[in-house]
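Residue 472 in the numbering used here sits at position 453 of the sequence shown; the count goes up by one each step and never skips. First comes the structure, then the notes that go with it.
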Amino acid sequence: MSEIPLAEKQNETTSIQGTIGRITYQHPETHYTVARLDEDGGPGTTIVGTLFPVAEGEEIKVTGTWKRHPRYGLQFQVDHWEKIDPATIEGIEKYLGSGLIKGIGPRYAKRLVAAFGLDTLKILSEQPLRVLEVDGIGEVRAHRILQAWQEQRGMQDVMVFLQGHGVGASLALRIYRVFGTDTITQVRENPYALAQQVHGIGFLLADRLANQIGIRGDFPLRVQAGVLHVLREMADRGHCYAQLASLKRNAAALLNIEEDPVDAAAARLAARGELVMQEGAADSDAQVYLQELYHAERRVASALQNLLATPSRLQQEQIVGRRNSARGVIDLVSPELFAPSAVILDEDQMRATEQALREKVLVITGGPGTGKTTLLTALLSILRRAKANFVLAAPTGRAAKRMAESAGEEATTIHRLLEYNPREGGFQRSEDNPLRVDFVIVDETSMVDLPLMDHLLRAVDPHSHLILVGDVDQLPSVGPGSVLRDLIDSGVVPKVVFRRIFRQDRESLIVVNAHRILQSQSLWLGKEGGSSDFAFLARESEDE
Numbered sequence: 020m021s022e023i024p025l026a027e028k029q030n031e032t033t034s035i036q037g038t039i040g041r042i043t044y045q046h047p048e049t050h051y052t053v054a055r056l057d058e059d060g061g062p063g064t065t066i067v068g069t070l071f072p073v074a075e076g077e078e079i080k081v082t083g084t085w086k087r088h089p090r091y092g093l094q095f096q097v098d099h100w101e102k103i104d105p106a107t108i109e110g111i112e113k114y115l116g117s118g119l120i121k122g123i124g125p126r127y128a129k130r131l132v133a134a135f136g137l138d139t140l141k142i143l144s145e146q147p148l149r150v151l152e153v154d155g156i157g158e159v160r161a162h163r164i165l166q167a168w169q170e171q172r173g174m175q176d177v178m179v180f181l182q183g184h185g186v187g188a189s190l191a192l193r194i195y196r197v198f199g200t201d202t203i204t205q206v207r208e209n210p211y212a213l214a215q216q217v218h219g220i221g222f223l224l225a226d227r228l229a230n231q232i233g234i235r236g237d238f239p240l241r242v243q244a245g246v247l248h249v250l251r252e253m254a255d256r257g258h259c260y261a262q263l264a265s266l267k268r269n270a271a272a273l274l275n276i277e278e279d280p281v282d283a284a285a286a287r288l289a290a291r292g293e294l295v296m297q298e299g300a301a302d303s304d305a306q307v308y309l310q311e312l313y314h315a316e317r318r319v320a321s322a323l324q325n326l327l328a329t330p331s332r333l334q335q336e337q338i339v340g341r342r343n344s345a346r347g348v349i350d351l352v353s354p355e356l357f358a359p360s361a362v363i364l365d366e367d368q369m370r371a372t373e374q375a376l377r378e379k380v381l382v383i384t385g386g387p388g389t390g391k392t393t394l395l396t397a398l399l400s401i402l403r404r405a406k407a408n409f410v411l412a413a414p415t416g417r418a419a420k421r422m423a424e425s426a427g428e429e430a431t432t433i434h435r436l437l438e439y440n441p442r443e444g445g446f447q448r449s450e451d452n453p454l455r456v457d458f459v460i461v462d463e464t465s466m467v468d469l470p471l472m473d474h475l476l477r478a479v480d481p482h483s484h485l486i487l488v489g490d491v492d493q494l495p496s497v498g499p500g501s502v503l504r505d506l507i508d509s510g511v512v513p514k515v516v517f518r519r520i521f522r523q524d525r526e527s528l529i530v531v532n533a534h535r536i537l538q539s540q541s542l543w544l545g546k547e548g549g550s551s552d553f554a555f556l557a558r559e560s561e562d563e
C-alpha cells in the first residue's frame, strides 16, 4: 500500500499507480466500484469511485484523496483515472483475456500475444486486420474482436478527454452513455448540448468545459445557452417569464459580454420556437417565456374556460333538491358532523357551500382559522348523501395527510392522483385518460405550480367540478407560477374569500397575529401573565 498519509494530509489530492488486483464490488448501473489496487512491493490499496470500463489485471493511474471510512478504514477516493497500457507479455495477455473485450478470452489472448508479442496492442489499434494471421481467428471473430476493441478504446479516449478537462468520472460516464464514441466531437462542436441532454450537468459546468477547449465568450451557441439558463434560473425562483430588458442585462452579466449578442440570441431562440416573446408597449417590455411555460399557461387558461363552459354531469336537484336558498344547504349536512363541537355553518359558509355545489370551478380562500376546513366538511357530507363521487388531493404528502384527517376521507398527492410514473413517460392521467369523477377537490393550492396545474387540468374531465382551496399568503409554489393568486385576481374564476376568524380560533394568538401581520397591524402579545401559543423574541442586532 502507498504510504499511509498523515491525518492532516488526508484531504490533499494525490495520484497512485498500480494494477487492479481484485474488483470487490461494481454497481451495474452507476459503476461505483470497490477494488484493490496492487502496487509494486505493497499489500494493495482499497480504491473506491466510478471506474468503468476496468477489469482485473489492468494497470491504471488514479487521482484523488485519502479518506478514512468509519467501518472499512483507509480508502483512496478516486476522482479521475486513466489506463496505462501493460508493458509486459504477461500483462498484455492478462488484460486481453480479462473479458473486457468481447471475442477475446484467455485462449485467444494467449494466441494473439504469441503472434505479436509486445506489439499486440499497437497492432490491434493500427493494423487490426492482422488478427486474421492468428490461428483460429476467422473473419467473423475478427470483426467481433475489432468492433469491441474500437468501442473499448473509444470509451477510454472519451473518459481520458473528459477527465482531462475537469469532468469527474461519474459525470463522464453519464456523458458517454448519451453521446457514445461521438462524445469528443460533440463537446468540441457544442459543449452546451451536455446541459440540455445529460442529467446532472448544468450550464455552468458546460461553460467551464467550453472555456477549457477555447470557445470564445460571444460564441452564438454559448450566448443562446446562457439566455436559456437565465430563464430556467428565474423559473426555479417562481417566475414564468422575464422582461426582455431584465433578461438581456442578467444574461450579459452572466456571460460577461455586451447586451447586443444576447438580443440576437434571444431572437434566434424565438425563431426556433425554444422561447416565446410577447410584445409589450416598448421592445424592452416584451415578456420572454420558455416555450414550455408559455404553452402550459395557455393550456391552463383554455382548460379552465372549457370547464366553466361545460355542463356538469350532475343535476342540481340531485345534490340540493329543489331548494334554491343557501339556508337549504344546512338541512343536507349530517348533524353528527358538528354536534360534538357544536359548530354550525354561518351565513357566509352556507352561501359558499351552495356556490361550491353550483359552480363548475370555484376557488375557496382565506387565512388560518377562517372556516375553510369546516366548509369542506359540510360539502363532503352533502356529496356523500347525493352519492356523488369525488377525489381529494394536495401537492405534498404532508398536506394530503392533513386533508385526509380533517375530511375523514382518503386524500392523496396530486402526483399519485395523476398516476405519475417516470418510467412510463410521466403522468398516466391526461385528456386521453381523464379522472372520471364528479368533484375534484384540491387543498393547499397555493403550493401548486404552473406545470403541475397544467397536468391536473388536462386530467380533469370537462363535466367534473373543480374546487381549489388555499391561502395565497401561505407557502407559495416552489416552481414557476403563482397559480392560486392569479386565479383569484383574474376575475374570471368564481371565488369565495373568508376573512372572519371563528370562535374556536380566536384564542390562538398565532392565528390572530397572522391576520394582523397581513393587515399591517402591530402584534398582539396577549394579556400579561396569561398563557399563549405565541411568543415574541426581540433581537438586539441583525446578527443574532
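Glycine included, every Cβ here is placed at the ideal spot set by N, Cα and C.
Query	Result
Reduced DSSP category for G385 - H, G, I as helix; E, B as strand; rest coil	strand
C-beta atoms of R130 and E75 nearer than 8 angstroms	no
Simplified DSSP assignment, three categories, for T38	strand
Test item: CB-CB of L273 and A285 under 8 angstroms	no
For A167, the nearest candidate out of E429, W100, F180 and G124 (CA to CA)	G124
Helix, strand or coil at Q146 according to DSSP, with G and I counted as helix	coil
D57 versus G37 - alpha carbon distance	5 angstroms
D304 vs Q262 beta-carbon contact at 8 angstroms	yes
CA-to-CA distance, D59 to Q146, given in whole angstroms	33 angstroms
Of the listed residues G173, T384, Y195 and N408, nearest to K102 (C-alpha basis)	G173
Nearest residue (CA-CA) to G122, options A290, V491, T431 and V159	V159
Helix, strand or coil at Q493 [DSSP, three-state]	coil
Per DSSP, the bridge partner or partners of L56	I39 and T64
Proximity of V249 and P280 at Cβ, strictly below 8 angstroms	no
Helix, strand or coil at R455 [DSSP, three-state]	coil
Length of the line joining the Cα atoms of P441 and L471	14 angstroms
Through-space distance from H162 to V5, alpha-carbon basis	For the chain, the structure presents residues 20 to 563; residue 5 sits outside this window and is missing.
V497 and T464 closer than 8 angstroms at C-beta	no
Distance between beta carbons of N408 and V456, contact taken as under 8 angstroms	5 angstroms
Entirely enclosed beta strand (DSSP E) segments - the segment 77-123, minimum 3 residues	78-88 and 92-103
Local Cβ density within 10 Å of P359, reported as buried at 16 or more and exposed below that	Note on P359: pLDDT 41, under 50, position unreliable in the model; the coordinate value appears next. Exposed: under 16 other Cβ atoms inside 10 Å.
Length of the line joining the Cα atoms of K420 and Q171	52 angstroms
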